[in-house]
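Participant: I have a structure here, written as C-alpha cells, and I will follow up with some questions on it.
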Amino acid sequence: MNLSKFFHQQEEYNKQFLLDKNLNPYKIKARKNLEIQIKIGDLANSTKCFNYCINKDDSISITTIKEKYIDCFCSIISLGLDSNFSSMCNLLIKPNDYCLSDQFLNLYIDVNDLIISPSLDHYKTLLEDYISLGITLGFSIQSIEEQFFKKTITEIAL
188 MNLSKFFHQQ EEYNKQFLLD KNLNPYKIKA RKNLEIQIKI GDLANSTKCF
238 NYCINKDDSI SITTIKEKYI DCFCSIISLG LDSNFSSMCN LLIKPNDYCL
288 SDQFLNLYID VNDLIISPSL DHYKTLLEDY ISLGITLGFS IQSIEEQFFK
338 KTITEIAL
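Read in my numbering, the sequence shown has 244 at position 57, and its numbers run on one by one without any break.
So, in C-alpha cells, the structure goes:
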C-alpha cells in the first residue's frame, strides 16, 4: 500500500485545522493519542465485537463502521505526520487470523507502545494492524483509499 498520498492529503487537511493556542505541544500530542484510543473504542463499539451476550436489538451499520474506520485512519496518518514518520512510503499488508476483539486489543497495545516508545517501527506496526483490521471488516485497500480521498475537511473535523 502506497502511503505517501495519504500523508500528503492528510497534511493538506491538517493545515485547515485551528488548534487551541493555549495548548503546548505536549498537551496536543497527549490529546491526539487519547483521540486515537477513543476512536478505536468507538469503532469497536460500532462492530459490536465485544458483545458476549445475545441481544436481538444489536444492529450493525457497515456504513457507520466504514466512516468511523476512515475517521480513525485519518487520525493515525496525522499522528505519523506529527512524528515525522511520513517518509515511510510503502506498507505490505497481510490479513490475519485474529478475531475482531483481539485485533482491537492489539491496536490498543500498538498505540500504547507508540506513546511509551515513539519509533517508526511502532508506528508501522500500528498502521499494519489497523489496515489489517480494515481487511477483516471487509474493506479492500481500494475502498479504503476511495473513502479516505472522498472525505472533506468538514467530515474529518467533526
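Heads up, the beta-carbon is just placed ideally off N, CA and C, and yes, glycines get one too.
Provide the residue(s) that pair with N277 in DSSP beta bridges, ordered along the chain.
Facilitator: BP columns for N277 point to N189.
Participant: Can you tell which of L287, K235, L279 has the C-alpha that lies nearest to the C-alpha of K311?
Facilitator: Considering only alpha carbons, the answer is L279.
Participant: From the DSSP output, in three-state form, read off I225 for me.
Facilitator: DSSP places I225 in helix when its eight states are reduced to three.
Participant: What separation, rounded to the nearest whole angstrom, lies between the Cα atoms of T341 and D300?
Facilitator: Note that T341 scores 49 on pLDDT, short of 50, meaning its location in the model is unreliable and no value can be drawn from it.
Participant: Thinking C-alpha only, which one of I322, T251, Q334 is nearest N346?
Facilitator: Here the chain covers residues 188 to 345 and nothing more, so residue 346 does not appear.
Participant: Closer than 6 Å by C-beta to F291: which residues in its own chain qualify, once you throw out the five before and the five after it? Chain order, please.
Facilitator: Within the same chain, F291 has close Cβ partners A231.
Participant: Near L268, what residues of its chain come up, given a Cβ to Cβ distance below 7 Å and the 5 sequence neighbours on each side ignored?
Facilitator: Taken in chain order, the residues that qualify are F194, Q197, E198, N201.
Participant: Should D245 be labelled buried (16 or more other beta-carbon atoms within 10 Å of its own) or exposed?
Facilitator: Its Cβ having fewer than 16 others within 10 Å, D245 is exposed.
Participant: If we ignore side chains and look at the alpha-carbon of each, how far apart do N189 and G228 end up?
Facilitator: Taking the straight line from one Cα to the other gives about 26 Å.
Participant: Any idea if F137 is buried or exposed, counting beta-carbon neighbours within 10 angstroms, 16 or more meaning buried?
Facilitator: In this structure the chain extends from 188 to 345, so residue 137 is not present and cannot be described.
Participant: Here's a check: name, in chain order, each residue in its chain whose Cβ is nearer than 8 Å to the Cβ of P305, leaving out the five neighbours to either side.
Facilitator: Closer than 8 Å at Cβ, skipping near neighbours: S270.
Participant: Based on Cα-Cα distance, which residue from S330, L266, I249 lies nearest to A217?
Facilitator: Among S330, L266, I249, the Cα nearest to that of A217 belongs to L266.
Participant: From which residue to which residue does the alpha helix (DSSP H) around S270 run?
Facilitator: No alpha helix (DSSP H) contains S270, which DSSP labels as neither H nor E.
Participant: Should Q203 and I257 be called a contact, given that it needs their Cβ atoms to be closer than 9 Å?
Facilitator: No; because the gap between Cβ atoms is not below 9 Å, this pair is not in contact.
Participant: Taking K311 as part of the alpha helix (DSSP H), name the residues at either end of that continuous run.
Facilitator: Start and end: 307-323.
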